[in-house]
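This report concerns only the one structure given below.
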Amino acid sequence: MSDLRQDNTATFHFLEGECDSGPGPGIAGYFDGPYYSYYKFPRSFSDFDDSDVLDAYDQLYTAIEEEGPFDGILGFSHGGTLAAGFLIQHAERFPHDPPLVRCAIFINSLPPFRMNPGEKPVIDMGLEGYLSLPTVSIAGAQDWLLEYSRALHELCSPTSTWIVHSKGHDIPGDRKNVAQMAAAIRKLAVLVSLTTR
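Under the working numbering, the first residue of the sequence shown is numbered 909, with each subsequent residue one higher.
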């Protein structure tokens, strides 16, 4: 991200989760708690109350209204699942309105899903056709969730970009992977700059 900031490709506005949570994959041992998520994550099949998900979407709506407009939305892991769900939900609710942002970047992210403890994620049904904005999907070759990142990418516009870095469920910092990811994001930024709101 620092490369993208330094050459003015992107600036960032961060939102923090507000729900107490355990550490996400790969976080324990690297960062001390407390830990937070945007909503109860992962959602299980017995979670019928989606008010915390809707509250997280409201947090995004508020940020866009008060701090935006933003050209894009970027999310890693749970944040990417939140971003994808938010964009899909907005497109479902307001099918004739343009998306709230002009592009999205999903890093090691899943589509909206549910899973029971010890089981594999099950992707929500009916998500197709809503992510029509330009996207870059980035996934790790060694990420145990790679197939789910691919599933999210397949929900996106056919012209969207798919990048696989050589690491796992993280954002690599080595020169080769950073250059590959930054090049895709710069290309997306140029595409977005050529479109009007």
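Built from N, CA and C at the ideal position, the CB exists for glycine as well. From a predicted model like this one, the values you see are computed outputs, not experimental measurements.
Of the residues assessed, residue 1024 falls on the exposed side of the cut-off, its CB having fewer than 16 other CB atoms within 10 angstroms.
For residue 939, the closest alpha carbon among the candidates 930, 947 and 1057 is that of 930. Rounded to whole angstroms, the gap between the alpha carbons of residue 947 and residue 1083 is 33 Å. For residue 1073, the enclosing beta strand (DSSP E) stretches over residues 1069-1073. The Cβ neighbour count for residue 942, taken over all protein chains shown within 10 Å, is under 16; the residue is labelled exposed.
Counting along the chain, the unbroken beta strand (DSSP E) around residue 1043 starts and ends at 1043-1048. A contact between stretches requires three or more CB pairs, one per stretch, nearer than 8 Å, and the region 959-968 meets this requirement with the region 993-1007.
Inclusion of residue 980 and residue 1100 in the CB contact set at 8 Å is warranted, their separation being smaller than that value. In the three-state reduction of the DSSP assignment, residue 922 falls in the coil class. DSSP, reduced to helix, strand and coil, places residue 929 within a strand of the structure shown. With the rule of 3 Cβ pairs closer than 8 Å, the region 1007-1016 counts as touching the region 987-995. The alpha-carbon separation between residue 925 and residue 944 amounts to approximately 5 Å.
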